[in-house]
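Novice: Residue numbers (this note's numbering): 630 to 851.
(1) Only counting runs of 3 or more residues, tell me where the beta strand (DSSP E) segments fall wholly within the segment 742–821, in order along the chain.
(2) Any contact between the segment 769–788 and the segment 640–651? By contact I mean 3 or more CB pairs, one from each, below 8 Å.
(3) Can residue 821 be considered in contact with the ligand PLP, in the sense that its beta carbon sits closer than 7 Å to one or more heavy atoms?
(4) Please determine, among 750, 791, 689 and 717, the residue with the shortest C-alpha to C-alpha distance to residue 699.
(5) Spatial neighbours of residue 634 within its chain, please: C-beta separation below 6 Å, excluding the five flanking residues on both sides.
(6) Does the beta-carbon distance from residue 681 to residue 774 come in below 8 Å?
(7) What are the boundary residues of the alpha helix (DSSP H) that residue 656 is part of?
(8) Under 8 Å between the Cβ atoms of residue 788 and residue 829?
(9) Starting from the C-beta of residue 822, find all residues in its chain whose C-beta is less than 7 Å away, skip the five residues before and the five after it, and write them out in chain order.
(10) Rounding to the nearest angstrom, what Cα-Cα distance links residue 705 and residue 835 in this structure?
(11) If you scan the segment 669–735 from start to end, which runs of the beta strand (DSSP E) of 3 or more residues do you find wholly inside it?
(12) Hey, how far is the Cα of residue 668 from the Cα of residue 847?
(13) From which residue to which residue does the alpha helix (DSSP H) around residue 847 run?
(14) How should residue 820 be labelled, buried or exposed, when 16 other C-beta atoms within 10 angstroms of its C-beta is the threshold for buried?
(15) Where does residue 638 sit, in a helix, a strand or coil, going by DSSP?
(16) Going by beta-carbon coordinates alone, are residue 839 and residue 711 separated by less than 8 Å?
(17) Between the alpha carbons of residue 636 and residue 732, how many angstroms are there, rounded?
(18) With distance defined between alpha-carbon atoms, name the residue in 813, 659 and 709 nearest to residue 676.
(19) Look up residue 824 in the DSSP assignment and say whether it is helix, strand or coil.
(20) Skipping 5 residues on each side, what residues in its chain have a beta carbon closer than 6 Å to that of residue 810?
(21) What's the call for residue 740, buried or exposed, on a 16-neighbour Cβ count within 10 Å?
(22) Is residue 687 buried or exposed, if buried means 16 or more other CB atoms sit within 10 Å of its CB?
(23) In whole angstroms, what is the alpha-carbon distance linking residue 759 and residue 845?
(24) What do you get for residue 642, buried or exposed, if any count of 16 or more other CB atoms within 10 angstroms of its CB means buried?
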């Protein structure tokens, strides 16, 4: 079951999709699982990863995101609609909304990631591909991307994201993390949305409900 080993951003999307859209997305996920079990190739990797690779290069001063985006679109017309929107959202945040924009910073030269096991549901949440920055006062900004058009990432979802990030990467403070809704150019942090202490209960409640719903739908394909 793909839900047993899942990227955080995909899980957050499932949590907050409206019922009809969530059921449709779960059915797509089940059919994808069945094709994989049958040995059918998936037809490509994560749609958003090339964009985020370019965005991190831009942040590191190693590339120009508009030029990189143009090249990505030229190489694959499927990116023609969404990649420019992702570019615009990222640059809005990077150029205008970063609170540490005038402080010296450096991109970490190592990968900050973890595959975090949740024993109560026997599942793994994959935490990967953060934009990881050390700023002038020796603190960090660890930016986790959320790419989905729908649903828009809300305040509760951002808190759940920061909670699981801080659980999976305990060497960093919860205050170091940001969840970035890339399309909207909006980032969430504990300074604006403090953790309330109920994040674990909410996260596990949503996850358990999602697993139950997936299993129920899966029965229709047996």
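Backbone N, C-alpha and C fix where the C-beta goes; we use that ideal spot for every residue, glycine too.
Specialist: In short, the structure shows the following:
(1) 743–747, 752–756, 760–764, 769–775, 806–810 and 815–817
(2) yes
(3) Here there are no bound small molecules, and the ligand PLP is not part of this structure.
(4) 717
(5) 753
(6) yes
(7) 648–666
(8) no
(9) 784, 787 and 788
(10) 36 Å
(11) none
(12) 18 Å
(13) 828–847
(14) exposed
(15) helix
(16) no
(17) 31 Å
(18) 709
(19) coil
(20) 775 and 782
(21) exposed
(22) buried
(23) 33 Å
(24) buried
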